[in-house]
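Numbering (the numbering used here), first residue to last: 3 to 160.
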């Protein structure tokens with residue numbers, strides 16, 4: 003992920019939402035102060051008030067991305083694998099964590115994790131910013147996203 007310090011003076015107003023949000027223009031997805039780049043052919047879909055971004059093979063793979071903007075969470079740097087496993091395994095008994103690591107994105111504390119349950123694969127990025135938290139969830143029937151690492155490396159928060 004981009005690790006440069008791009009914090010700005012807050013010119014973009016960020017509003018937490020209970021729904022997945024964002025827009026796509028060309029190959030760039032924007033949600034609040036967050037941007038990321040996806041491969042050619044991705045489009046925006048809306049279901050039940052939630053915005054999803056899907057690749058051209060969506061109907062075959064089920065792969066999709068959604069972005070939530072939540073209230074700022076100053077504790078992201080303190081979360082560990084067991085907290086996440088304990089929380090998710092209550093709702094999903096077959097939950098299995100495959101990857102959990104702390105990182106920084108645009109100078110902000112972040113967590114990148116990969117997990118699965120009920121035959122689905124997920125990669126989730128949680129970014130703790132000053133005025134909001136961003137939660138990116140990549141979901142698929144196989145958990146196999148073409149160019150996932152490249153997409154994650156393009157994530158930037160102003």
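Built from N, CA and C at the ideal position, the CB exists for glycine as well.
Residues of its chain near residue i, where Cβ-Cβ distance is below 6 Å and the 5 sequence neighbours each way are ignored
| i | result |
| --- | --- |
| residue 156 | 38, 39 |
| residue 111 | 78, 79, 130 |
| residue 140 | 67, 125, 147 |
Beta-carbon proximity list for residue i, same chain, < 8 Å, skipping 5 on both sides
| i | result |
| --- | --- |
| residue 161 | Residue 161 is absent from the structure shown; the chain starts at 3 and stops at 160. |
Three-way DSSP call (helix, strand, coil) for residue i in this model
| i | result |
| --- | --- |
| residue 40 | coil |
| residue 46 | strand |
| residue 79 | helix |
| residue 29 | coil |
| residue 102 | strand |
Limits of the unbroken beta strand (DSSP E) element including residue i
| i | result |
| --- | --- |
| residue 110 | 110-119 |
| residue 72 | 66-72 |
| residue 142 | 135-142 |
Cβ-Cβ distance between residue i and residue j below 8 Å
| i | j | result |
| --- | --- | --- |
| residue 33 | residue 86 | no |
| residue 24 | residue 53 | yes |
| residue 42 | residue 29 | yes |
| residue 142 | residue 65 | yes |
Where the alpha helix (DSSP H) containing residue i begins and where it ends
| i | result |
| --- | --- |
| residue 83 | 83-93 |
| residue 59 | Run containing residue 59: none; DSSP gives neither H nor E here. |
| residue 132 | Premise fails: residue 132 is in no alpha helix (DSSP H) and is neither H nor E. |
| residue 151 | 150-155 |
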